[in-house]
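Here the sequence shown is numbered in the numbering used here, starting from 17 and rising by one per residue. The structure appears right after this line, and notes come after that.
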Amino acid sequence: MHLAYPAVLAALLFCTGLYGVLARRNAILVLMSVELMLNAVNLNLVAFDVWLSRAAKDTLHSGQALTLFTIAVAAAEIGIGLAIVLAVYRDRGTADIDRLRITAETPGDDPDLPDAFGTEKAEATA
């Protein structure tokens, strides 16, 4: 098999994952898109490892070893990411990324910041 086939498939997977990260608002779908991007990287690592081992008669298979490390990192990332998303969902009742951004902004700090519902605060008159 030519190197172009898995490379094109990996590029399509990576572009699909990138679109999912940039366009989605649900945190779980963003995590799934990151997993697609990591799988595209894994496919490239294995394909180039096979291609380079044929060309150089090298039996080290470092691309496949890197793929195993990437899978381990992806498993840890998805476990921690899902735990955080579930904890935030239980606390806030939504997994919408735009609404989660309000969590970091406390309305009492700055009078110019909107409150949790997106409305401007009325200025206090003394």
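For glycine and all other residues, C-beta sits at the position ideal for the given N, C-alpha and C. Given the structure is predicted, the values throughout are model-derived calculations rather than measurements.
Mind checking residue i: buried by the 16 CB within 10 Å criterion, or exposed?
{"i": "Ser78", "result": "exposed"}
{"i": "Asp114", "result": "exposed"}
{"i": "Leu61", "result": "buried"}
{"i": "Ala71", "result": "exposed"}
{"i": "Ala26", "result": "buried"}
Which residues does DSSP pair with residue i in a beta bridge?
{"i": "Asp112", "result": "Asn42"}
What does a CB cutoff of less than 8 angstroms around residue i pick up in its chain, not counting 5 residues either side in sequence?
{"i": "Leu116", "result": "Ala43, Val104, Arg108 and Thr110"}
{"i": "Asn58", "result": "Thr83, Thr86 and Ile87"}
{"i": "Val101", "result": "Ala43, Ile44, Leu47 and Ala111"}
Looking only at its chain, what residues have a beta carbon closer than 6 angstroms to the beta carbon of residue i, apart from the 5 residues adjacent to it on each side?
{"i": "Phe30", "result": "Met53 and Ala56"}
{"i": "Trp67", "result": "Leu19"}
Who are the Cβ neighbours of residue i in its own chain at under 7 angstroms, not counting the five residues just before and after it?
{"i": "Asp112", "result": "Arg41 and Asn42"}
{"i": "Ala142", "result": "No answer about Ala142 holds up, because its pLDDT of 48 lies below 50 and its placement is not dependable."}
{"i": "Glu51", "result": "Ala90 and Ile94"}
{"i": "Ala20", "result": "none"}
{"i": "Leu76", "result": "none"}
{"i": "Ser49", "result": "Gly33, Gly36, Val37 and Arg40"}
Any Cβ of chain B within less than 8 angstroms of the Cβ of residue i?
{"i": "Val57", "result": "Protein chain content of the structure displayed is limited to a single chain, and chain B is not contained in it."}
Can you round the beta-carbon distance between residue i and residue j to whole angstroms, since I take them to be within the 8 angstroms contact cut?
{"i": "Gly97", "j": "Leu47", "result": "5 angstroms"}
{"i": "Pro22", "j": "Ala81", "result": "That belief does not hold up - the Cβ atoms of Pro22 and Ala81 are roughly 18 angstroms apart, past 8 angstroms."}
{"i": "Gly33", "j": "Leu45", "result": "11 angstroms between Cβ atoms; not a contact."}
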